[in-house]
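Engineer: For the numbering used here, add 20 to where a residue sits in the sequence shown, where the first one is 1. Glycine included, C-beta positions come from ideal geometry on N, C-alpha and C. Quick one: this structure, given as structure tokens, is what I'll be asking you about.
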Amino acid sequence: METNLVEELKKIKDFRINEGRRHPLWLVLLIVIMGTMSGYLGYRALGDFVTRHKEALIQTLKVPKNRLPSYSTIRRVMMGIDFEEFLSVFNNWAIATMEPEGRRWYAVDGKTLRGSQKTLEENYTQFVQVVSVYSTTQGLIAGMAEWLSQSNSELIVVQNLIKTLGLEDAVFTLDALHCQKKPQKLLLRAKTTISSPSRRTKKSCMKC
Numbered sequence: 021m022e023t024n025l026v027e028e029l030k031k032i033k034d035f036r037i038n039e040g041r042r043h044p045l046w047l048v049l050l051i052v053i054m055g056t057m058s059g060y061l062g063y064r065a066l067g068d069f070v071t072r073h074k075e076a077l078i079q080t081l082k083v084p085k086n087r088l089p090s091y092s093t094i095r096r097v098m099m100g101i102d103f104e105e106f107l108s109v110f111n112n113w114a115i116a117t118m119e120p121e122g123r124r125w126y127a128v129d130g131k132t133l134r135g136s137q138k139t140l141e142e143n144y145t146q147f148v149q150v151v152s153v154y155s156t157t158q159g160l161i162a163g164m165a166e167w168l169s170q171s172n173s174e175l176i177v178v179q180n181l182i183k184t185l186g187l188e189d190a191v192f193t194l195d196a197l198h199c200q201k202k203p204q205k206l207l208l209r210a211k212t213t214i215s216s217p218s219r220r221t222k223k224s225c226m227k228c
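Below you can see the structure in the form of structure tokens.
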């Protein structure tokens, strides 16, 4: 089913007050996605992306009044946005744009975001972590999720993400920690296979 990313982004509730709002929320979020996909990582880098591609962005996106957001506007939006809602919209769009195929292969991995360290107390540090489900056959991200290292675990987040995405008849490659009974039961219901390349044992590839 075809879906339009702009229309999906317009569904996200704008947390900003009407007064002084110069740029529609969907435009700021779309620029963040486009810039990040182009390798512009960070607020100032996204500001550079806007400056470098200003004319093309205005022409292609038909920007109201030919005004594009600055890096400070992008920063304020990303700090105030409901990230879970943003992520849900992105995941729905990503999975809808993937073409139907035979048995699909996905690589699942979690990473810690650089610069996200927060020391709350002595010997108590937490990080923002992100897990992604990547389609190796289509070269696309099917879905993402984030969590704080001290408040959740990759094991639980991955289980919930796969369940939310509704991926069936698929093969997942994951770290060995996911080759446990509970994750197997989840994948059994989804008619999938879980494979761990880090363990060369009979248990490293489990068909459900």
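Measuring only the C-alpha atoms, how far is residue 57 from residue 69?
Structural biologist: Going by the C-alpha atoms only, they are around 11 Å apart.
Engineer: Look at the Cβ atom of residue 178, then the Cβ atom of residue 130, and state whether they are nearer than 9 Å.
Structural biologist: Result yes, Cβ atoms of residue 178 and residue 130 sit closer than 9 Å.
Engineer: Rank 185, 103 and 41 by C-alpha distance to the C-alpha of residue 29 and give the top, closest one.
Structural biologist: With distances taken between Cα atoms, residue 29 lies closest to 103.
Engineer: Helix or strand or just coil, what does DSSP make of residue 58?
Structural biologist: Coil at residue 58, not helix or strand.
Engineer: Are residue 49 and residue 97 close, meaning C-beta to C-beta below 9 Å?
Structural biologist: Their beta carbons are under 9 Å apart, which means residue 49 touches residue 97 by this criterion.
Engineer: Identify every run of the beta strand (DSSP E) within the region 80-125, keeping only runs that are complete inside it and at least 3 residues long; order them along the chain.
Structural biologist: As far as the region 80-125 is concerned, it has no whole beta strand (DSSP E) run of at least 3 residues.
Engineer: Under 9 Å, do residue 164 and residue 112 count as touching if we go by C-beta distance?
Structural biologist: No; because the gap between Cβ atoms is not below 9 Å, this pair is not in contact.
Engineer: Report buried or exposed for residue 188, applying the criterion of at least 16 other Cβ atoms within 10 angstroms of its Cβ.
Structural biologist: With fewer than 16 Cβ atoms within 10 Å of its Cβ, residue 188 is classed as exposed.
Engineer: For residue 148 and residue 173, what's the separation of their Cα atoms in angstroms?
Structural biologist: Spanning the two alpha carbons is a distance of roughly 11 Å.
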